[in-house]
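J.:
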Amino acid sequence: MPVLTRLIPSPVVVDIRPGALDDLACVLADERISQSGRLAIAVSGGSGARLRERVAPSLPGADWFEVGGGTIDDAVRLAGAMKAGRYDAVVGLGGGKIIDCAKFAAARVGLPLVAVATNLAHDGLCSPVATLDNDAGRGSYGVPNPIAVVIDLNVIREAPVRFVRSGIGDAVSNISAVADWELSHRVNGEKVDGLAAAMARQAGEAVLRHPGGVGDDGFLQVLAESLVLTGIAMSVSGDSRPGSGACHEINHAFDLLHPQRAAAHGEQCGLGAAFAMYLRGAHDESAAMAEVLRRHGLPVLPEEIGFTVDEFVRVVEFAPETRPGRFTILEHLDLKTEQIKDVYADYVKAIGS
Ligand SMILES: [Zn+2]
């Protein structure tokens with residue numbers, strides 16, 4: 145018998161709203177998540193303490209684990225500490241580093257992960273990928289995506305606004321990433337997963353077109369939902385293609401060439417996306433994207449994050465090497481240094497100052 149539909153690995157609960165953290169115990173008590181109430185909760189040593197104080201009284205069966213940082217060693221250590229506890233689930237309560245560590249540790253001990261995100265800096269909060277620092281720099285590790293996602297918009301508001309800005313850049317960059325995917329289909333015949341592409345593109349477009357700003361609950365709701373849907377789009381396609389193209393190669397190149405000076409993930413991805421859209425000849429879309437990024441206080445020119453034009457040209461030149469095997473507008477055009485300089489000058493003129 146033919147398969148009639150496909151099943152999508154996806155969270156059983158997605159709770160995004162102001163005050164969601166107050167009902168965390170209810171979410172966790174769902175029989176699909178934790179019947180016994182035995183939970184392993186990973187938090188950061190610093191800002192995690194306040195959250196722990198707030199949440200702990202409602203979770204008497206939980207053990208708390210402080211996560212040192214965002215390295216593979218931290219994640220392995222966390223898994224080791226949780227191993228003997230007979231838990232139903234692991235809860236990652238914090239920012240990206242905590243959630244990525246918890247994701248990896250939960251996968252290692254074979255438990256489901258509940259992601260309780262305290263900022264919106266990138267689309268990793270519901271993705272099937274854990275990004276962790278290792279001896280070689282930074283690695284992406286495949287993991288199951290979370291069984292539940294809880295985002296309290298009141299908590300998001302307490303985080304520095306630069307985290308929200310970063311999330312905007314990451315979400316909007318989906319539009320460029322999906323365009324790269326389609327380009328690879330046209331040029332190389334790479335298979336595009338239409339559902340994953342639709343989810344990721346709509347997530348990017350929703351953020352791009354929302355009239356609100358970083359201070360509005362309505363806007364934060366759409367941004368948080370977009371980041372969650374992007375993560376699920378990656379589960380649908382089985383890789384990061386829906387949210388990662390030339391924009392992310394440029395981001396990785398900033399990180400690798402300038403590890404000490406690199407800006408936030410989404411700042412670099414947003415700038416990378418606006419430039420990549422220009423490269424592919426989508427000049428109006430590039431200008432519109434740049435306008436929105438500017439409106440939210442994100443950079444659209446390298447000097448706005450402390451890089452010279454020459455440094456940026458080198459970043460663009462190096463970018464394809466950061467992701468061998470991924471075909472984007474950068475690999476397609478294969479521009480030489482002088483050509484990148486020329487097209488960058490045109491981009492600057494096109495987006496205005
Ligand atoms: Zn990203």
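Take the position in the sequence shown, starting the count at 1, then add 144; the result is the number in this note's numbering. Ideal Cβ placement from N, Cα and C applies to all residues, glycine included. This structure is a prediction, so every number in the text was calculated from the model and none was measured.
Using only the alpha-carbon positions, how far apart do GLU465 and SER180 sit?
T.: 48 Å
J.: Hey, quick one: how far does the beta strand (DSSP E) through TYR285 stretch, first residue to last?
T.: 281–286
J.: By Cβ distance below 8 Å, which residues in the same chain neighbour GLN365 in space, the five residues on each side in sequence not counted?
T.: ILE160, ARG161 and LEU297
J.: Comparing C-alpha positions only, which one of ASN318, LEU339 and VAL336 sits nearest to ALA350?
T.: ASN318
J.: DSSP beta-bridge partners for PHE209?
T.: ALA186
J.: Which two residues bound the contiguous alpha helix (DSSP H) that contains ARG405?
T.: Per DSSP, ARG405 belongs to no alpha helix (DSSP H) and is neither H nor E.
J.: Is HIS266 near ligand 1, in the sense that its beta carbon is under 7 Å from a heavy atom of that ligand?
T.: Indeed, a heavy atom of ligand 1 lies less than 7 Å from the Cβ.
J.: What does the alpha-carbon distance come out to for the pair ALA515 and MET421?
T.: Residue 515 lies beyond the residue range present for the chain, which begins at 145 and ends at 497; the question has no answer from this structure.
J.: What are the start and end residues of the beta strand (DSSP E) that includes ASN278?
T.: 273–278
J.: Within the continuous beta strand (DSSP E) that includes ILE160, where are the two ends?
T.: Segment 157–161, the beta strand (DSSP E) holding ILE160.
J.: Who are ALA261's beta bridge partners in DSSP?
T.: GLY238 and ILE295
J.: Per DSSP, what kind of secondary structure is ALA426 in: helix, strand or coil?
T.: coil
J.: Compute the Euclidean distance between the alpha carbons of ASP167 and LEU257, then round it to the nearest angstrom.
T.: 17 Å
J.: Rounded to whole angstroms, what's the CA-CA distance from ALA397 to THR215? Just pull it up for me.
T.: 20 Å
J.: Taking only the alpha-carbon atoms, compute the straight-line gap between GLY382 and VAL460 and give it to the nearest angstrom.
T.: 27 Å
J.: Quick check on this structure: which residue in LEU371, VAL358 and PRO386 has the alpha carbon closest to the alpha carbon of VAL336?
T.: PRO386
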